[in-house]
Amino acid sequence: MGHVNGRLVHITTGCLLLVASVGVTACGEEAYTRAPDVEASVGDMELRDIQLAPPPEGVYEGGSAARLEFAMVNTGREEDQLVGVSGPDFAGVVVDGAPGSSSLPIPIPPGETVFSGGPTGPVLILTGIDETLRTAESMPVTFTFENAGAVTVDAVVSAPLRLTVDRYLREQRQLLN
């Protein structure tokens, strides 16, 4: 019987190693079909890190404007353009600082990333927000691209850094107590 138990141990160990090696092989970069921070995609366009800039005092009042921050990644071989930004909860969009333009469309070259809201990219301001929006609340925003088409996502209101630091300090105090 000892010989049978020894064989069973070897077979079981071999099976476990086989299962473990299959699990590990799926851990490489090729295992992902999309980057983990991609919030939406349509055609060859990916949208990442979509958010509304932190509002003063943590609240956007009805009728106010909010800066829309995001990254557009063109994974294709052809240039595309952002031709529209719309939504049911705001009146319109104003583009400030687009390279060579102060309005839509915004070109996205193939294989490139265009950041909105940063120091080098266009700044999109959503105007006429319908209702009060607080930190962590969201509203739907539709991005329309000339070639890729349209996609709707929820843009979340970011927390001001001050609120984020305050929350972190509170959590640390709770852990120490």
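For the sequence shown, the residue numbers in our numbering are -1 to 175.
For every residue, glycine included, the Cβ atom is placed at its ideal position computed from N, Cα and C.
Classify residue i as helix, strand or coil using the three-state DSSP reduction.
{"i": "G82", "result": "strand"}
{"i": "G26", "result": "With a pLDDT of 39 at G26, under the threshold of 50, the modelled position of that residue is not reliable, and no figure is offered here."}
{"i": "S99", "result": "The predicted model places S99 with a pLDDT of 46, which falls under 50 and marks its position as unreliable; any figure quoted below should be read in that light. Coil at S99, not helix or strand."}
{"i": "P138", "result": "strand"}
{"i": "E144", "result": "coil"}
{"i": "P53", "result": "coil"}
{"i": "L159", "result": "helix"}
{"i": "R32", "result": "In this prediction, R32 has a pLDDT of 39, which is less than 50 and means its spatial position is unreliable; what the coordinates show is noted afterwards. Correct three-state label for R32: coil."}
Could you give the residue range of the beta strand (DSSP E) that holds residue i?
{"i": "A148", "result": "147 to 155"}
{"i": "E77", "result": "Looking at the DSSP string, E77 is not in any beta strand (DSSP E), and its letter there is neither H nor E."}
{"i": "E107", "result": "According to the sequence as given, residue 107 is Pro; it is not Glu. Element bounds for P107: n/a, residue is neither H nor E."}
{"i": "G90", "result": "90 to 94"}
{"i": "S114", "result": "111 to 114"}
{"i": "I123", "result": "121 to 125"}
Using only CA atoms, which one of the options lies nearest to residue i?
{"i": "G119", "options": "M70, M43, A146, Q172", "result": "M70"}
{"i": "A89", "options": "S156, D128, V40, F141", "result": "D128"}
{"i": "L66", "options": "E44, S39, D94, V40", "result": "D94"}
{"i": "L210", "options": "S156, L174, G116, V149", "result": "For residue 210 there is no data in the structure shown, the boundaries of the chain being -1 and 175."}
{"i": "A157", "options": "F141, E77, T133", "result": "T133"}
{"i": "I104", "options": "A51, M137, N145", "result": "N145"}
{"i": "A51", "options": "L173, Q172, F143, L122", "result": "L122"}
{"i": "G60", "options": "V154, T125, T142, V139", "result": "T125"}
{"i": "A153", "options": "P117, A64, I48, T140", "result": "I48"}
{"i": "S39", "options": "G115, A63, T130, F68", "result": "F68"}
{"i": "G115", "options": "V92, T130, G109", "result": "V92"}
{"i": "S136", "options": "L174, G41, D87, V112", "result": "D87"}
{"i": "V139", "options": "R75, G41, N72, G85", "result": "G85"}
{"i": "E76", "options": "N175, D42, L159", "result": "D42"}
{"i": "S62", "options": "F113, T142, T130", "result": "T130"}
{"i": "E37", "options": "R171, G74, F141", "result": "F141"}
For chain B, find out if any of its Cβ atoms is closer than 7 Å to the Cβ of residue i; answer yes or no.
{"i": "A157", "result": "Of the protein chains in the structure, only one exists, and it is not chain B."}
Should the region 73 to 87 be called in touch with the region 48 to 65, which here means at least 3 C-beta pairs below 8 Å? no
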